[in-house]
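The next block holds one structure in the form of structure tokens; read it before the comments.
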Ligand SMILES: [Fe+2]
Ligand SMILES: [Fe+2]
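In the working numbering, the protein residues as written are 8 to 159.
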């Protein structure tokens, strides 16, 4: 109904995804695999944000100010206290957010008419499909697989 609003929200999501990956690096600097994976992710999400910046500016749109997302805030409330519980839940919540984002972009890609924008959203969907599984893989690396699966 309001595709410009969707594009601006998407741009914000990419910026937040990059910032979230960097916050994992600053929070857990001693976890070598996590740091490597989050650096790759932060750069990829930043690239997506840059692409969204070009796309929205080309349409004459202005980025939205940083705002908390009710959906994400609600998910974050489910994160438990305690160092291990907090870390596991952060990974799983990030995995859910990425998986949901991928589904959303996939639906947009299929709803768009053939053309450059549809190709762009297909590309974004393929890229995002790796991110949910990345976080689930990290959860299984740092935690007992059964514990991660049960919490998930
Ligand atoms: Fe992204
Ligand atoms: Fe992502």
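Every residue, glycine too, gets a C-beta built ideally from N, C-alpha and C.
This one's a predicted model, so the numbers in the text were calculated from it and none came from an experiment.
Residues near residue i in its chain [Cβ-Cβ closer than 7 Å; skip 5 each side]
i	result
residue 86	93, 96, 97 and 100
residue 19	71
residue 52	21, 24, 25 and 28
residue 147	155
Outcome for residue i when other beta-carbon atoms lying within 10 angstroms are tallied against a minimum of 16
i	result
residue 155	buried
residue 56	buried
residue 54	exposed
residue 140	exposed
residue 152	exposed
residue 102	buried
From the options, residue whose alpha carbon lies closest to that of residue i
i	options	result
residue 124	37, 8, 150 and 58	58
residue 90	34, 138, 145 and 65	34
residue 27	12, 10 and 47	47
residue 159	143, 132 and 148	143
residue 17	81, 107, 120 and 80	107
residue 116	104, 31 and 135	135
residue 132	81, 8, 10 and 105	105
residue 49	10, 84, 138 and 150	138
residue 150	8, 38, 30 and 83	38
CB contact check: residue i to chain D, cutoff 9 Å
i	result
residue 149	This model lacks chain D altogether, as it is built from one protein chain only.
Same chain only: Cβ atoms within 8 Å of residue i, ignoring 5 sequence neighbours per side
i	result
residue 14	59, 62, 63, 66 and 68
residue 145	40, 41, 44 and 98
Same chain, Cβ closer than 6 Å to residue i, five either side skipped, listed in chain order
i	result
residue 36	none
residue 32	42 and 45
Taking contact to mean at least 3 C-beta pairs separated by less than 8 Å, is the region 41-50 in contact with the region 59-74? no
Quick check: the region 109-116 against the region 126-134, are at least 3 beta-carbon pairs closer than 8 Å? yes
For a minimum of 4 consecutive residues, which ranges assigned as the alpha helix (DSSP H) are wholly contained in the region 121-151? 123-149
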